[in-house]
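Report on one structure; see the data block that follows.
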Amino acid sequence: MFELPVVDGYENGQTFLAERKLRYRYFNQSHKRYLHYLQSKSQTDIVPVNEHEEGRDEENEEDIELRHNHEERLYFKRYEKPQNSYEIWRLDNKKRKREPLQQGTMTYSDISDIEEYGKRKSQHLYYSNHKLVETFQNQVDGYELLKKRKSTIVKNVDLKVIETLIQLLHVNIIRRKWNIAYRVFAQLVRIPSVDIRSIWNLGVEIMSHAQENNDPEQKMTLEFLEWMTKVYSSRAKYIEGINHKLAPMFRSSSKDHTAAYVTTLLWRSLYVAAAHTLDNDHYTDDTNKTSDAALQTLIEKIDDMLIIPTYMEESEIWFVQAMCHVVKTDYLTRQMSVERVGSINDIRRNDVTAAIKTAERCLQECLERTAGDTVQFAFPDRYIRRQLRQLEQRISNK
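Take a look at the structure:
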């Protein structure tokens with residue numbers, strides 16, 4: 047009834063394609079280096095090539111390399127297919143030219159040079175997981191790792207358990223039985239074959255409602271989202287040639303886009319920090335603590351994120367930063383009082399002015415980044431700037 051959030055369907059296909067491309071890339075580059083070695087020794091390749099198809103094969107090989115860059119096709123293109131040359135060879139009554147055996151030997155340094163050249167030219171395909179790269183390097187060195195194969199019966203039992211838990215999870219969410227749904231979700235995330243990135247949104251909603259009374263600040267939800275951002279890297283390169291089951295922005299980060307759970311973490315942190323400032327709306331004479339600790343921590347965290355190129359071009363993160371400074375401005379204006387000493391109010395007034403300028407700068411950065419996007423990130427810019435003007439007038443009356 048519901049789609050199973052298993053890892054096998056996605057990562058096995060991706061790993062299989064990456065492994066084949068990496069392997070054939072190494073073969074092709076090693077062969078290229080070997081041909082260079084033969085030319086330097088004034089020798090010829092021992093692979094038989096049909097005279098009628100020789101020129102056309104070289105042309106096709108160049109076309110494929112330039113247009114498709116398909117390593118597997120380039121590998122098999124070097125070898126003559128018997129079904130394509132059988133008729134020509136049968137009609138040729140002349141004595142076939144036999145290629146002599148190469149009786150020469152290669153030195154160990156020449157073989158090592160060919161292997162190192164193939165490895166070096168294949169390094170740009172090391173975007174795969176570390177396990178695949180280690181397996182490939184072991185195979186190149188002459189070793190082969192024995193994989194622990196899971197029996198079909200055990201695999202089917204695991205899929206049946208996951209299917210049952212997924213159905214229980216959705217049913218309890220529909221019935222709004224959050225405590226039971228939380229227990230089911232806790233069981234799901236402990237199964238190794240379950241991809242947490244496929245059900246993280248359900249987990250966030252469940253934890254928000256299950257711990258609503260015991261955890262008003264949503265510490266468990268924020269810790270879960272923080273764990274997601276740290277475990278799953280945002281520096282991976284997005285591969286467009288792979289048919290993804292889910293939207294990449296929903297389940298992962300890369301150098302080109304920001305994951306949805308990262309922006310969800312920022313929005314929920316802002317909500318908790320804003321609610322915390324309203325609860326702690328009291329006057330204090332400590333001029334160093336001009337804003338709430340949670341809000342200031344969030345502002346510093348977003349400042350660090352905006353240094354990274356992935357988040358630097360994300361308009362939504364700039365908007366969240368602008369909203370943080372709007373909340374900070376509102377908090378600072380409510381901290382001012384006519385009963386305070388004039389010097390303290392002057393310090394607070396300067397802090398409010400700085401927060402307003404920072405908020406306007408973040409809004410301008412957000413507008414510049416949404417100008418060239420096909421799907422723009424829309425927000426009420428005039429309304430927010432009007433609110434900032436009202437907050438600025440509030441401090442002039444005190």
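Using this note's numbering, you'd call the opening residue of the sequence shown number 47 and step up by one each time.
C-beta: ideal position from N, C-alpha, C; glycine also.
Go ahead and label Q85 buried or exposed: buried means 16 or more other beta carbons lie within 10 angstroms of its beta carbon, across all protein chains shown. exposed
Assumed close pair T304, V250 - CB separation to whole angstroms, cut-off 8 Å: Taking the Cβ atoms as the reference, T304 lies roughly 16 Å from V250, outside the contact range of under 8 Å.
Excluding five sequence neighbours on each side, which residues of the same chain lie with their C-beta closer than 8 Å to the C-beta of R431? A distance below 8 Å between beta-carbons, with the five flanking residues on each side excluded, links R431 to the following residues of its chain, in chain order: E406, L409.
Rounded straight-line distance, which links the Cα of C412 to that of F365: 6 Å
Identity of the residue in R124, T153, L171 nearest K67 by Cα: L171
Enclosing alpha helix (DSSP H) for I345 [first to last residue]: 339-351
Classify P238: buried if its beta carbon has 16 or more other beta carbons within 10 angstroms, exposed otherwise. exposed
My understanding is that R243 touches Y278, with C-beta atoms under 8 Å, so please give their C-beta distance in whole angstroms. 7 Å
Does DSSP classify P355 as helix, strand or coil? helix
Drop a sphere of 10 angstroms on the beta-carbon of Q439, count the other beta-carbons inside from all chains shown, and report buried for 16 or more, exposed for fewer. By the beta-carbon neighbour count (other beta carbons within 10 angstroms, threshold 16), Q439 is exposed.
Measure the Cβ-Cβ separation of G164 and F73 and say whether it is below 9 Å. yes
Continuous alpha helix (DSSP H) stretch holding G164: start and end: 154-167
At which residues does the alpha helix (DSSP H) containing K276 begin and terminate? 265-277
Please list, in chain order, all residues of the same chain as E360 whose beta carbon is under 7 Å from its beta carbon, the five residues on each side excluded. T304
Buried or exposed for F122, going by 16 or more other Cβ atoms inside 10 Å? Exposed, because fewer than 16 other Cβ atoms sit within 10 Å of the Cβ of F122.
Any chance you could list the alpha helix (DSSP H) runs of at least 4 consecutive residues sitting entirely within the segment 405-443, in chain order? 427-442
In three-state terms, what does DSSP make of G249? helix
Can you give me the C-alpha to C-alpha distance between E190 and K78, rounded to a whole angstrom? Separation of E190 and K78 (C-alpha to C-alpha, rounded to the nearest whole angstrom) is 25 Å.
What residues in its chain sit with their C-beta under 6 Å from that of I245, if we drop five residues either side in the sequence? P51
Rounded C-alpha distance that separates E346 from R119: 51 Å
Taking the straight line between their C-alpha atoms, what separation do you get for T181 and D159? 21 Å
Can you check whether the CB of L352 is closer than 9 Å to the CB of Q367? yes
Identify whether H116 lies in helix, strand or coil by the three-state DSSP scheme. coil
Suppose the cutoff is 6 Å on Cβ atoms and the five residues either side in sequence are ignored; what does the same chain contact list for S76 look like? I160, G164
Between the alpha carbons of M369 and L437, how many angstroms are there, rounded? 14 Å
Give me the Cβ distance between I363 and L312, rounded to the nearest whole Å; I'm assuming they're in contact under 8 Å. 7 Å
Taking the C-alpha atoms as reference points, what is the distance between H371 and Q257? 29 Å
Where the alpha helix (DSSP H) containing K177 begins and where it ends: 176-186
If you compare alpha carbons, which of N260, E272, I220 is closest to L248? I220
State yes or no: is the C-beta of V398 within less than 9 Å of the C-beta of A320? With contacts defined by Cβ atoms closer than 9 Å, V398 and A320 do not form a contacting pair.
For D427, which residues of its own chain have a beta-carbon under 8 Å away from its beta-carbon, when the five flanking residues on both sides are left out? L409, L413
Please classify T210: does DSSP put it in a helix, a strand, or coil? helix
Buried or exposed: V203, going by 16 or more other Cβ atoms within 10 Å of its Cβ? exposed
Three-way DSSP call (helix, strand, coil) for A64 in this model: helix
Kindly indicate which residue of K276, L341, L234 has the alpha-carbon position closest to the one of E263. L341
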